[in-house]
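Contents: one structure, followed by commentary.
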Amino acid sequence: MRLAYMILSAFVIVYSLTYAWWLKKHQNLMGSIAIAVLSVLTAFLVVYHLRTS
Amino acid sequence: MIYKQETLGLKEGIAMVLIATMARITVTSMAGIVSKGFQASWLTVLLNGFAAVFFLVILYRLYKMTGCKGDLHHLVQQVLGKILGFCITFLLLINILANTALLLRQYGENTVATAMPHLDLEVSIWLYAIVSAVIVHFGLGGLSRAIRLFMPITVVGFIIIGIYLYPFYIPYRIFPWQGLGWQSILSNGITGASYNFLILLVFIFLPYFPRIETAFAAGIKGIALSVTLKIFLVTSYIMTFGVEAASESLMPFYEMARLIYLSRYFQNIEAILILLWLILGLLAIAINLYIVIYLFCRIFKLEDGRVVLLLMTLCVGTLATVPRDFGEAVMLDQRYVIQTDFLFYGIPLLLFMVQVIRQFYSKFNKNKSPSCR
Chain H
3 MRLAYMILSA FVIVYSLTYA WWLKKHQNLM GSIAIAVLSV LTAFLVVYHL RTS
Chain G
3 MIYKQETLGL KEGIAMVLIA TMARITVTSM AGIVSKGFQA SWLTVLLNGF AAVFFLVILY
63 RLYKMTGCKG DLHHLVQQVL GKILGFCITF LLLINILANT ALLLRQYGEN TVATAMPHLD
123 LEVSIWLYAI VSAVIVHFGL GGLSRAIRLF MPITVVGFII IGIYLYPFYI PYRIFPWQGL
183 GWQSILSNGI TGASYNFLIL LVFIFLPYFP RIETAFAAGI KGIALSVTLK IFLVTSYIMT
243 FGVEAASESL MPFYEMARLI YLSRYFQNIE AILILLWLIL GLLAIAINLY IVIYLFCRIF
303 KLEDGRVVLL LMTLCVGTLA TVPRDFGEAV MLDQRYVIQT DFLFYGIPLL LFMVQVIRQF
363 YSKFNKNKSP SCR
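Chains H and G supply the protein sequences, listed in that same order. Numbering of the first sequence is given in the numbering used here, commencing with residue 3 and proceeding in unit increments. Numbering of the second sequence is given in the numbering used here, commencing with residue 3 and proceeding in unit increments.
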């Protein structure tokens, strides 16, 4: 369960960061920054959850 | 997903408002309402409903004054300007994100406690999150029609609970009907108004309604039905358990359902009623998640919400696991309700005041300009 959670979270975060990079290329800088910030915050939350659970 | 040409009718609007505003009452909030309002809890719920109507009427008047045809984000930007409008919508987004996480946690905990005691809490939360994300993936059309189909079952289920509990009713338990007095009723009626905060979804999804009058009617009828059902449930709850026992329970809805006794051969129907609130919770979480993604896409100008859906589900699911235990989650939920009151009253009043002042100055300048020349 823990391993599956880690792998899926890593996949979603990398996928979202890739989308953020794609958005930057397509001139939506604001959306790109928003998704990148949300991805990083979610990554922190996932790490916090893994450390405390 | 987000910008598809979907349409919402009156019945879909009513059903969405009903499910979104009823969701909290089936978890722990009913005990919270009784612990504050005592015997007059039903009156508190009624006042919360009036506050929601006040919120709706002010926003409707604003739409009429500004002639705006877009959604709430568009209206806020039109009245307050781009930067302040962005900040207000972002606040709404954060607030509804927190609401989604809290609902997810409470429904996950309730499912483990009532239906599946051997299930891991995290698995329960993630199951709710994933199923809600799948519902959201079908878009607003699928979501609203599913809710419309489910609404009559909810209403009938709640009425059945209330009716079949009648052998346990002791009507003296709702007296003295003023509870702790008028001051307490008024303060609780005003401060708990954000239980109906999601009534604003009719203005968030306004472009999908044929006319603004339809959205307004859906909001009014939905909140009227929701408040009527809540009053019915709260009164039944108090009459069944009495104020002291009712205010301490962590799973009021389940405890009401398990008391129902039909006959020797037809017992324990709470198993069916658990399914009822489980689906209600799933749909409510899905609405919340959809609103979060919709607002995120609107303020950051994204055309497709599907990519954000995965990230937002992960974020909400992980946020839901942050409280250490159920008690902390319930305490956070009560704090959330109090803090949301500021947004509930603040946003429409701020918008209304700015618009009135703007109109006053524009008239003043028009009247003044000929004499200056």
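Every residue, glycine too, gets a C-beta built ideally from N, C-alpha and C. Just so we're clear, the structure is a prediction, and the values are computed from it rather than from any experiment.
Proximity test, Cβ basis, 8 Å: G/Phe302 and chain H = Position 300 of the second sequence holds residue 302 of chain G. By this cut-off, G/Phe302 is an interface position.
Extent of the continuous alpha helix (DSSP H) to which G/Leu96 belongs:
The residue labelled residue 96 of chain G in the question sits at position 94 within the second sequence. A small correction: the amino acid at residue 96 of chain G is Ile; Leu does not occupy that position in the sequence shown. Element bounds for G/Ile96: Lys84 to Thr116.
Taking buried to mean at least 16 other C-beta atoms within 10 Å of its own C-beta, is G/Cys374 buried or exposed? Within the second sequence, residue 374 of chain G is the residue found at index 372, counting from 1. Only weak support is given to the placement of G/Cys374: the predicted model assigns it a pLDDT of 45, under 50, and the question is left unresolved by the model.
TODO: Pull out every residue of the region 18 to 36 of chain H whose Cβ sits closer than 8 Å to any Cβ of chain G, in chain order.
DONE: Ser18, Tyr21, Leu25, Asn30, Met32, Gly33 and Ala36
Where G/Ile137 and G/Ile162 are concerned, what is the direct C-alpha to C-alpha distance, given to the nearest angstrom?
As a position in the second sequence, residue 137 of chain G is number 135, starting the count at 1. As a position in the second sequence, residue 162 of chain G is number 160, starting the count at 1. Roughly 27 Å between the two C-alpha positions.
- Message: For G/Phe298 and G/Val310, which I take to be in contact (beta-carbon distance under 8 Å), what is that distance rounded to the nearest angstrom?
- Response: In the second sequence, residue 298 of chain G corresponds to position 296, counting from 1. In the second sequence, residue 310 of chain G corresponds to position 308, counting from 1. 6 Å between Cβ atoms; contact.
- Item | G/Ser265, buried or exposed, once every other Cβ within 10 Å from all chains shown has been counted against 16 | To locate residue 265 of chain G, count along the second sequence from 1; it is residue 263. Exposed, since its Cβ has fewer than 16 Cβ neighbours within 10 Å.
Contacts around G/Phe177, its chain only, beta-carbon distance under 8 Å, and the 5 residues preceding and following it disregarded: Locating residue 177 of chain G in the second sequence gives position 175, counting from the first residue. If we look at G/Phe177 and ignore the five residues flanking it on each side, its Cβ neighbours are Gln41.
* Asked: Hey, does H/Val16 have any beta-carbon neighbour from chain G nearer than 8 Å?
  -> Here residue 16 of chain H corresponds to residue number 14 of the first sequence, with the count starting at 1. For H/Val16, no Cβ of chain G is located within less than 8 Å of the residue's own Cβ.
Going by DSSP in three states, G/Ser249 sits in which element: helix, strand or coil? Indexing the second sequence from 1 puts residue 249 of chain G at position 247. Note: G/Ser249 maps to coil in three-state DSSP.
Whole alpha helix (DSSP H) runs in the region 7 to 32 of chain G with 4 or more residues, listed along the chain?
-> Taken in chain order, the unbroken stretches of alpha helix (DSSP H) that lie wholly in the region 7 to 32 of chain G and span 4 residues or more are 12 to 24.
**Request:** Taking a Cβ distance cut-off of 8 Å, strictly less, list which residues of the region 39 to 50 of chain H are near chain G, in chain order.
**Result:** Leu40, Ser41, Leu43, Thr44, Leu47, Val48 and Tyr50
- request: Spell out a yes or no on whether the region 326 to 339 of chain G and the region 16 to 28 of chain H are touching, meaning 3 or more CB-CB pairs, one atom from each, closer than 8 Å.
  value: no
> Using the C-alpha atoms, what's the distance from G/Leu227 back to G/Thr237?
Replying inline: Reading the second sequence from its first residue, position 235 is the one you call residue 237 of chain G. Reading the second sequence from its first residue, position 225 is the one you call residue 227 of chain G. The straight-line gap from Cα to Cα measures roughly 15 Å.
Handout entry: Inter-stretch contact at 8 Å, needing at least 3 Cβ pairs: the region 243 to 251 of chain G / the region 150 to 161 of chain G
Key = no
Distance between G/Ile201 and G/His75 (C-alpha atoms, nearest Å): Here residue 75 of chain G refers to the residue found at position 73 when the second sequence is read from its first residue. Here residue 201 of chain G refers to the residue found at position 199 when the second sequence is read from its first residue. Near 15 Å, if we compare the C-alpha coordinates of G/Ile201 and G/His75.
If we count Cβ pairs, one from each stretch, closer than 8 Å, do we get three or more for the region 341 to 349 of chain G versus the region 196 to 216 of chain G? yes
Using the beta-carbon of each residue, which ones in chain H are nearer than 7 Å to G/Leu291? Residue numbering aside, residue 291 of chain G sits at position 289 when the second sequence is read from its first letter. Under the 7 Å cutoff, chain H gives no residues; its nearest Cβ is about 14 Å from G/Leu291.
Below 7 Å, is the gap between the Cβ of G/Gly194 and the nearest heavy atom of the ligand ZN?
For the ligand ZN, the structure offers nothing, since it holds no ligand at all.
**Q.** Cut-off 6 Å between Cβ atoms - residues of its own chain near G/Leu142, not counting five sequence neighbours on either side
**A.** The count along the second sequence starts at 1 and reaches residue 142 of chain G at position 140. Once the five neighbours on either side are set aside, the close Cβ partners of G/Leu142 are Glu8.
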